[in-house]
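Asker: Residue numbers (full-length UniProt numbering), protein chains in the order written: chain A, 1 to 250; chain V, 1 to 329.
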Amino acid sequence: MSLLTLHEASVEIERKPVLLQASLSVEGGEMVAICGPNGAGKSTLLKLAAGLHKPKAGHVAIHGRDLKTLSSHQRGEAVAYLAQERLIAWNLPAIEVAALGGLHLGQSDIMGRAQRALDMVGVGHLAMRGVADMSGGERARVLLARAMVTDAPVLIADEPVAGLDPDAELLVLERLRERAEGHSAVLLSLHDLSAAAKFADRVIVVADGRIVADAKPLDALTPDILREHFRIAGQWIETENGPLLATRRL
Amino acid sequence: MIRSSVLIAVLIVALVLAVAFAVSFGETVLDLAAYGRAFTDPSSGEAAVLWQIRLPRALCALLVGAALGLAGAVMQGLLRNPLAEPGVIGVSGTAACAAAMAIIAGFAAIPGAVEVAALVGAALAGGLLVVVGARLKAPEALILFGVALSSFSGAATALIFNLSPSPVASAEVMSWLLGSVANRSWFDVMWVAVALGISAFFARLALSGLRMLTLGEDVARASGLPLAQLRVWALLAAAVASGAAVAVAGVIGFVGLAAPHLVRSSVRGDPGRILLPSALMGGLILVLADLATRLIPTDQELKLGVFTALIGAPLFAIMAWRAAREWRL
Numbered sequence: 001m002s003l004l005t006l007h008e009a010s011v012e013i014e015r016k017p018v019l020l021q022a023s024l025s026v027e028g029g030e031m032v033a034i035c036g037p038n039g040a041g042k043s044t045l046l047k048l049a050a051g052l053h054k055p056k057a058g059h060v061a062i063h064g065r066d067l068k069t070l071s072s073h074q075r076g077e078a079v080a081y082l083a084q085e086r087l088i089a090w091n092l093p094a095i096e097v098a099a100l101g102g103l104h105l106g107q108s109d110i111m112g113r114a115q116r117a118l119d120m121v122g123v124g125h126l127a128m129r130g131v132a133d134m135s136g137g138e139r140a141r142v143l144l145a146r147a148m149v150t151d152a153p154v155l156i157a158d159e160p161v162a163g164l165d166p167d168a169e170l171l172v173l174e175r176l177r178e179r180a181e182g183h184s185a186v187l188l189s190l191h192d193l194s195a196a197a198k199f200a201d202r203v204i205v206v207a208d209g210r211i212v213a214d215a216k217p218l219d220a221l222t223p224d225i226l227r228e229h230f231r232i233a234g235q236w237i238e239t240e241n242g243p244l245l246a247t248r249r250l
Numbered sequence: 001m002i003r004s005s006v007l008i009a010v011l012i013v014a015l016v017l018a019v020a021f022a023v024s025f026g027e028t029v030l031d032l033a034a035y036g037r038a039f040t041d042p043s044s045g046e047a048a049v050l051w052q053i054r055l056p057r058a059l060c061a062l063l064v065g066a067a068l069g070l071a072g073a074v075m076q077g078l079l080r081n082p083l084a085e086p087g088v089i090g091v092s093g094t095a096a097c098a099a100a101m102a103i104i105a106g107f108a109a110i111p112g113a114v115e116v117a118a119l120v121g122a123a124l125a126g127g128l129l130v131v132v133g134a135r136l137k138a139p140e141a142l143i144l145f146g147v148a149l150s151s152f153s154g155a156a157t158a159l160i161f162n163l164s165p166s167p168v169a170s171a172e173v174m175s176w177l178l179g180s181v182a183n184r185s186w187f188d189v190m191w192v193a194v195a196l197g198i199s200a201f202f203a204r205l206a207l208s209g210l211r212m213l214t215l216g217e218d219v220a221r222a223s224g225l226p227l228a229q230l231r232v233w234a235l236l237a238a239a240v241a242s243g244a245a246v247a248v249a250g251v252i253g254f255v256g257l258a259a260p261h262l263v264r265s266s267v268r269g270d271p272g273r274i275l276l277p278s279a280l281m282g283g284l285i286l287v288l289a290d291l292a293t294r295l296i297p298t299d300q301e302l303k304l305g306v307f308t309a310l311i312g313a314p315l316f317a318i319m320a321w322r323a324a325r326e327w328r329l
């Protein structure tokens with residue numbers, strides 16, 4: 001049984017349809033990238049999967065159970081969510097921000113877990129530093145550590161590598177990959193299509209509120225799809241570091 | 001930076017000293033023998049000065065300040081905004097307007113009616129701010145909405161004066177609106193103490209929600225906390241505390257702004273751990289401010305609300321300047 005399932009789920013925001021009949025499933029041990037142009041509906045899809053949008057039609061299920069039948073606590077235990085907006089209202093130390101991921105779920109040794117999560121994304125040495133005194137990239141990694149602090153079987157991350165330097169981007173994607181290999185279902189949105197092809201098991205392409213492709217990365221991000229939905233001409237090149245997409249504007 | 005536990009201990013000691021000083025200072029100068037009589041003879045004039053005038057006044061200042069400090073810290077956590085203060089964003093103004101309405105309408109004779117009116121006004125304003133706050137992403141926008149609410153409640157209060165048939169009642173309301181803890185009784189002390197206790201209980205229930213809201217609405221909702229319920233607890237905590245403060249002491253601005261601001265670094269910004277130090281700091285500020293109004297030589301005693309506004313408004317401007325940079329996170 002899939003860990004995360006969306007079945008013909010639609011979302012309306014202020015009476016405008018923004019996601020139409022989206023169906024997908026993510027197994028444990030799988031990392032799936034959501035790709036698409038700006039405004040395509042990627043964040044809406046991820047918020048729907050995290051239970052932040054109520055589907056107008058269709059349903060979302062975790063472990064086969066409809067999300068709306070779960071209590072908020074059960075949902076929090078099942079799904080960890082990283083928002084696209086990197087809001088941290090107060091200048092808390094990084095370790096306390098990371099600990100917020102599991103503090104209320106009764107996690108044992110939460111500060112130890114928070115420190116390990118910070119170490120994992122390469123900011124363990126900044127554990128006691130206030131987040132307002134960090135760079136944007138460092139803050140992004142602290143927030144990712146917060147999402148990874150629990151053992152939630154489903155991890156949903158909205159553009160987790162936006163604004164990161166290449167080294168940090170690779171580190172974060174490797175950690176998410178390891179998370180998936182530890183039998184979690186990882187669903188994330190990415191704009192870096194080469195990174196999606198390298199790290200994800202599958203790519204789901206979203207355009208105009210619809211899922212237009214759901215396949216292995218190079219089968220989903222075909223030249224036709226790139227031309228039609230991303231409005232770019234793209235060619236995949238195999239390199240020793242993985243597939244690389246060479247692009248130009250149409 | 002002082003550790004929060006050390007800060008709490010220091011604040012408690014400072015509060016005891018400040019109250020002792022406030023009680024020992026006054027127009028009637030008491031020598032040691034007079035203090036002796038005050039402690040041994042309950043029917044003496046000195047006992048009346050000490051126990052019926054000065055101590056209730058000092059304790060009222062302490063408790064009202066603590067209520068405002070707590071309400072400010074809760075509102076700031078709830079709205080994720082260091083400038084969210086019951087006075088600035090219209091909660092106190094709406095409470096005052098509702099209480100003024102009750103007084104002009106002649107309900108002042110009914111025990112508790114003005115207090116309940118102030119609470120209802122504070123709850124309405126708080127509820128409105130939370131509803132609007134959920135829709136406005138930018139903290140500046142919410143402050144502007146709060147300023148609008150504050151202006152509207154001010155205008156409504158002015159309208160009450162305008163249409164009031166009795167100049168005596170108007171003068172009574174005006175004097176009360178300026179904010180003071182002079183001539184307060186043990187009943188007032190008890191009322192605000194009970195309200196502060198209830199508010200602290202609600203704030204305790206809301207603690208985890210206030211912490212999680214640090215990371216924004218979506219993350220807090222996805223975290224597994226019953227956010228809607230926690231928001232109601234937080235709102236009740238802020239409304240009960242600020243409503244009780246307004247009912248007992250009129251409009252006293254900026255204490256709810258200054259108190260959390262002064263202790264925030266010692267709790268490293270934690271919106272949960274800030275609540276107790278903020279309440280203690282609020283109490284200390286108001287006891288000292290009330291003492292200052294009595295010490296500054298003027299023909300008419302300075303009103304406490306006027307004094308705190310004169311000191312607090314420039315502080316607000318400085319904080320707005322600093323906060324504007326922090327919001328660029």
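Virtual Cβ for every residue (Gly too), placed ideally from N, Cα, C.
Quick check on DSSP: helix, strand or coil for A/ARG86?
Answerer: Coil.
Asker: Quick check on the DSSP output: what are the complete beta strand (DSSP E) runs of length 3 or more inside the region 67-149 of chain A, in order along the chain?
Answerer: As far as the region 67-149 of chain A is concerned, its whole beta strand (DSSP E) runs of at least 3 residues are 79-82.
Asker: CA-CA distance, V/ALA105 and A/SER43?
Answerer: V/ALA105 and A/SER43: Cα-Cα distance of roughly 53 angstroms.
Asker: Taking all protein chains shown into account, decide if V/ALA317 is buried (16 or more other Cβ within 10 angstroms of its Cβ) or exposed.
Answerer: Looking at its Cβ environment, which holds fewer than 16 other Cβ atoms inside 10 Å, V/ALA317 is exposed.
Asker: Which value, in whole angstroms, describes the spacing of the CA atoms of A/GLY64 and A/ALA50?
Answerer: If you take the alpha carbons of A/GLY64 and A/ALA50, they lie about 15 angstroms apart.
Asker: Can you name the start and end residues of the beta strand (DSSP E) that A/GLN235 belongs to?
Answerer: Looking at the DSSP string, the run of the beta strand (DSSP E) that includes A/GLN235 is 232-239.
Asker: Taking Cβ-Cβ distances shorter than 9 angstroms, what residues in chain A pair up with V/GLY141?
Answerer: Reading the sequence as shown, one finds Ala at residue 141 of chain V and not Gly. By Cβ distance, chain A contributes nothing, its closest Cβ being about 15 angstroms from V/ALA141, past 9 angstroms.
Asker: Check V/LEU329 in the structure and name its three-state DSSP category.
Answerer: Residue confidence for V/LEU329 is low, a pLDDT of 39 falling below 50, so the modelled location carries little weight and cannot support an answer.
Asker: Let me check understanding here. Comparing Cα to Cα, which of A/GLU238, A/PRO223 and A/THR239 lies closest to A/ARG248?
Answerer: Minimum Cα distance to A/ARG248 is reached at A/PRO223.
Asker: Let me check you understand the geometry: is the CB of A/PRO166 closer than 7 angstroms to at least one non-hydrogen atom of the ligand MN?
Answerer: Within the structure as shown, the ligand MN is missing, as the structure has no ligands at all.
Asker: Spatial neighbours of V/LEU329 within its chain, please: C-beta separation below 7 angstroms, excluding the five flanking residues on both sides.
Answerer: In this prediction, V/LEU329 scores a pLDDT of 39, lower than 50, which makes its location untrustworthy; the coordinate-derived value is nonetheless stated afterwards. Cβ neighbours of V/LEU329 beyond the five flanking positions: none.
Asker: Whole angstroms is fine: what's the gap from V/ILE296's alpha carbon to V/PRO226's?
Answerer: Cα-Cα distance, rounded: 50 angstroms.
Asker: Is the CB-CB distance between V/LEU62 and V/GLY283 below 8 angstroms?
Answerer: Yes, the pair counts as a contact, with Cβ atoms nearer than the cut-off.
Asker: Are V/ALA33 and V/ALA47 closer than 8 angstroms when you measure CB to CB?
Answerer: Their beta carbons are not under 8 angstroms apart, which means V/ALA33 does not touch V/ALA47 by this criterion.
Asker: Run through the DSSP bridge pairs and tell me what A/MET31 is partnered with.
Answerer: DSSP lists A/VAL186 as partners of A/MET31.
Asker: Between A/VAL26 and A/LEU3, is the Cβ-Cβ spacing less than 8 angstroms?
Answerer: Yes, Cβ-Cβ distance for A/VAL26 and A/LEU3 is below 8 angstroms.
Asker: What are the partner residues of A/SER25, as DSSP defines its beta bridges?
Answerer: Answer is A/THR5.
Asker: Quick check: what's the CA-CA separation for V/VAL189 versus V/LEU59?
Answerer: Each residue's alpha carbon lies about 7 angstroms from the other.
Asker: Check the Cβ-Cβ distances between residue 301 of chain A and every residue of chain V, and say whether any is below 8 angstroms.
Answerer: It is not possible to answer for residue 301 of chain A, since the shown part of chain A is limited to 1 through 250.
Asker: Below 7 angstroms CB to CB, which residues in the same chain sit around V/THR28 once its five sequence neighbours on both sides are set aside?
Answerer: Only VAL49 meet the Cβ criterion.
Asker: For V/MET212, count neighbouring C-beta atoms within 10 Å of its own C-beta (all shown protein chains included) and say buried if the count is 16 or more, exposed if not.
Answerer: Counting Cβ neighbours within 10 Å, V/MET212 comes out buried, since at least 16 surround it.
Asker: Identify every run of the alpha helix (DSSP H) within the region 151-218 of chain A, keeping only runs that are complete inside it and at least 4 residues long; order them along the chain.
Answerer: Runs of the alpha helix (DSSP H) inside the region 151-218 of chain A: 166-181 and 193-199.
Asker: On the DSSP letters alone, give me the boundaries of the beta strand (DSSP E) that A/LEU244 sits inside.
Answerer: 242-249 is the span of the beta strand (DSSP E), which, as asked, contains A/LEU244.
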